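In order, the protein sequences belong to chains A and B.
At position 441 of the first sequence (counting the first as 1) the number is 441 in our numbering, and the numbers step up by one without a gap.
At position 233 of the second sequence (counting the first as 1) the number is 757 in our numbering, and the numbers step up by one without a gap.
All C-beta atoms in this analysis are idealised placements derived from N, C-alpha and C, irrespective of residue type, glycine included.
Only a predicted model underlies this, so the values are computations on that prediction, with no experimental measurement involved.
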Amino acid sequence: MDHNQIIDKYVPKNTKPEISGNIITYKIYSNNISRVVYKLYHTDKLPLKTIAATDERKENESFKIFYVFGVPGENIFLVPYLLLYNEEKFPSLAGAVHETAEYERKIKSFFGLTPTGHLNPRPIILHENWPDNLFPLRKDFNWQERPETANTPYNFQKIEGEGIYEIPVGPVHAGIIEPGHFRFSMAGEEIVLLEPKLGYTHKGSEKLFEILPLNEKVRLSERISGDSSFSHSLAFCQAIESLNETEVPEISEYLRVIYSELERLANHFGDIGAIMLDTGFNFGGSHGARMREIVMQWNERLTGSRFLRGVNVIGGVTKDIPPQLKDELLQEMIRLRQDFTEVIEIAEESSSLLNRLERTGILEPQVAGDHGVVGIVARSIGLKVDARINYPYAAYDKFPFDIATEKDGDVYARFHVRVKEVYTSIKIIQEALKMKPVRSVLVATKEISLKKNCYAIGITEGWRGEIVYFAATDSDGNISRVDVRDPSFLNWMVIGHAAKDYNIVPDFPLINKSFNLSYSGFDV
Amino acid sequence: MKLIIICIIQLILVPALSPFFVGIVRKVKARLQNRRGASVFQPYSDIWKLLHKDEVISEDASWIFRYTPYILFSITIIVGASIPLFVTTFTNYFTSDFLVVVYLLALGTFFLALAGLDVGNAFGGFGSSREMTVSALTEAGLVFSILVLALTAHTTNLFSIASHIESLTLHSHAQYVSICLAFIGFIIALLAETGRFPFDNPSTHLELTMIHEAMILEYSGKRLALIEWASANKLLIFISLGSNLFLPWGIANSIDSADIIFSLVLFLLKVTCFCVAIAALESSIAKVRYFRIPDLLLTSFILSVIAIILVI
């Protein structure tokens, strides 16, 4: 389908759709938005990618709220938006489309726009010591001034009853992990309620995106979630390349695929090992760590950075893979594949390990669907979502593969989705290395002059799941807003559901590890 | 003179060697996991380091929290001196009765559980709750498995039991079967009591999964050193019981120098074998789900009961 067919099919007739790159924007009035979004989500079954607000009071005295929907298989995004002229309220859609609830909370916290009718308007990310009348993503917010420390109480959900007690865990944990607070309400060892409270690594990244010079914006995107540096910066670069109408050289498209898959491989090896380690299956734990390290060292050899930082630039990548390294890497992939197969065979024969993984932390498909989970978590309940296939970017359209899915939604399913994806990644890396053109210009030479008053979406499949960047430019062609949607933003919302009922506290670390979500990516 | 030396060795053997064997378990585990691992003497350095560190004690801590490490450590010293290690000649000890030994150790666990609750930390609370659940269930298997030996030897004195089992001849097949069953029951109880796989993971950093470690999270400095040392002692005590009650062959029955040296070497060998076995176990299986711990402990109890029926 081309743009016009899509407009005919999905966009209401009385609107004026504007096409820019791969997105179609059209204005909707607030009395209609609920109906439009409901239709796109429930009737047309299009996935909601993100909801982003912009402050355009300087240009046209209004705030805008963008509801980004993807059209799977087409790499086109439908973006109905609300224009709030002299208004600081917008209708909450959480009743019609549940997953909008958390986006609306975020817009409330960062823009001070009130979602009317929202059932849980508690602030998100900014809490307790942040003044509740200060909205950092508004343009008139003075980011260089330290706000006064507020002291608003944070209301945890409460469960009361005989024998129910609470365990507060974190934000500082015993291992080397990111900070986050978990509040367990327990009956004996059984978890009745689990509420995560995050925001401890909030760095004001989205504000910084408005301030830093363009090159540093790319570096900033690498630091949104450290273990997904490459996928994050790739999503950001793609958004900017679309605003600049840059054609990325073919060789860089292949290199982007190779580096993305190396990142996925390293993290999957690490996670597969860590899941086994958390059950106390030390054999698997140490081999996972070893194989991750092999890939990390390859990253360093190829690019000079273990986390593939500084590789993506607008218009391409900075590092090629020379022929002799290419052959070595191909050999390494064969060795890794063999190694990995042996380790997994031993692991799958261990009944004590399987006993811990199976039927632990089951995520109900209904809950998952309502919250719009993405990535490994979604695939572990059988949802075929993978941005590499749904919205092919870089050179992914040359490497068709079956999306790895499982159906049980337990820790074992999430473990096994990773196992399958490791094989896919190795295969893609091997093919991409062979198909990659030899020696040519890596970075497009087109000068940067972004389209004015325009919007763009960059989407990649990070190893956790889909990473979505929404970028907007002002009337001078400068970037005025970047919205980051890490997969963790959606997936954090279901971890409490997966961990309660029938699950006991000693199993929570394992359930948490099988999700392995990013705190930094959520807190931005 | 020789007797005095033997007495001194008997007294200090457990506390002197226990960190070494913890080091061996860790080293073997590391080697089995493709790691180099720290030196086997690292636990000594750890204890030495902790003994020289300042402590932080919660304002809410009562005397229970303050004195538990001393109680725990003293108990392991007393028990360590009253069990058969390399000679069986100390049959007149009052503390060598197996019930006294088992319940002295239980007293230590009791105080540790109280200390876990004392400071009001949520982790300490559930650590204590789990520890009490596990030790209540372990107690039956532990007592009954040693009771099999007591019934075989017609005495509850551990030294006498060791020398009696050693002198058993191969004619008493039924007794061997029952001792083997009791031994399996005892090993399961040993792993549970010392906080080892598949019950507890001594090297985890995940607070929510801890049992023993959760209770001692609030300790630091000297008191932590004593608790760590006491845990190491407890491990060696249980391994010694296992090797000298169930496999006592080679233990010296007199204070003849050659016998004693031979017996000491054999003792060290046996303990090392136990440590290697524990390390191999910890490297090859996953921890069981907490709610399945009772199944395993019940197995230990049932095996011991069958063994008792065979003996009677």
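| Asked | Found |
| --- | --- |
| Presumed contact (8 Å Cβ cut-off) between A444/A and P249/A, rounded CB distance | 6 Å |
| Interface flag, P196/A vs chain B, CB-CB below 8 Å | no |
| Within chain B, the residues that N355/A reaches when beta carbons sit closer than 9 Å | A810, V812, R813 and R816 |
| DSSP-derived helix/strand/coil call for R485/A | strand |
| Test: I51/A CB closer than 8 Å to a CB of chain B | no |
| Simplified DSSP state of T657/B, which is helix, strand or coil | helix |
| C-beta atoms of F470/A and I495/A nearer than 8 Å | no |
| In DSSP terms, what A498/A is bridged to | DSSP output for A498/A lists no bridge partner at all. |
| Same chain, Cβ closer than 8 Å to L811/B, five either side skipped, listed in chain order | As written in the sequence, residue 811/B is Lys, which differs from the Leu given in the question. Excluding positions up to five away in sequence, the list reads F721, P722, F723, D724, N725 and T733. |
| Where G73/A falls: helix, strand or coil (DSSP) | coil |
| Closer than 9 Å at the beta carbon, the chain A residues around T733/B | D278, G280, V505, P506, D507, F508, P509 and L510 |
| Through-space distance from I389/A to G73/A, alpha-carbon basis | 7 Å |
| Nearest-angstrom beta carbon gap, I459/A and I467/A [assumed within contact, 8 Å] | 7 Å |
| Coarse secondary structure for V812/B, derived from DSSP in three states | coil |
| Closer than 8 Å to chain B by CB, A174/A | yes |
| Per-residue contacts from E806/B into chain A (C-beta, under 8 Å) | G280 and N282 |
| Three-state secondary structure assigned by DSSP to L194/A | strand |
| Partner residues on chain A for L760/B, Cβ-Cβ distance less than 9 Å | Result: empty, since nearest Cβ-Cβ is about 23 Å, beyond 9 Å. |
| Buried or exposed by the 16-neighbour rule on C-beta atoms within 10 Å, applied to R747/B | buried |
| Burial state of H576/B, where buried means 16 or more other Cβ atoms lie within 10 Å | exposed |
| Whole-angstrom distance between I833/B and F279/A, CA atom to CA atom | Correcting the residue identity first, residue 279/A is Thr in this sequence and not Phe. Going from the Cα of T279/A to the Cα of I833/B covers about 37 Å. |
| Cβ contact (3+ pairs, closer than 8 Å) linking the segment 218-230 of chain A and the segment 291-309 of chain A | yes |
| C-beta contact flag for E655/B and M525/B at 8 Å | no |
| Inter-residue spacing [alpha-carbon to alpha-carbon] between R559/B and F283/A | 11 Å |
| R256/A, buried or exposed, once every other Cβ within 10 Å from all chains shown has been counted against 16 | buried |
| Alpha-carbon to alpha-carbon, R264/A and L329/A | 16 Å |
| Y254/A in three-state terms, based on DSSP | helix |
| Three-state secondary structure (DSSP) of G458/A | strand |
| Classification of S242/A by the beta-carbon crowding that lies within 10 angstroms, buried from 16 upward | buried |
| Range covered by the beta strand (DSSP E) that runs through H181/A | H181 to A187 |
| Exposure of C704/B, with buried meaning 16 or more beta-carbon neighbours within 10 Å | exposed |
| Within-8 Å CB hit, Q566/B to chain A | no |
| CB contact below 8 Å: H697/B versus chain A | no |
| Where the segment 710-734 of chain B meets chain A: residues whose CB sits under 8 Å from a CB there | F721, P722, N725, T728, H729, L730, E731, L732 and T733 |
| Contact list for I191/A against chain B, beta-carbon separation under 7 Å | Within 7 Å Cβ-Cβ: nothing; I191/A doesn't reach chain B, min ~10 Å. |
| Residues that K573/B contacts on chain A, provided the C-beta gap is smaller than 9 Å | In chain order: nothing, as chain A lies at least about 19 Å away. |
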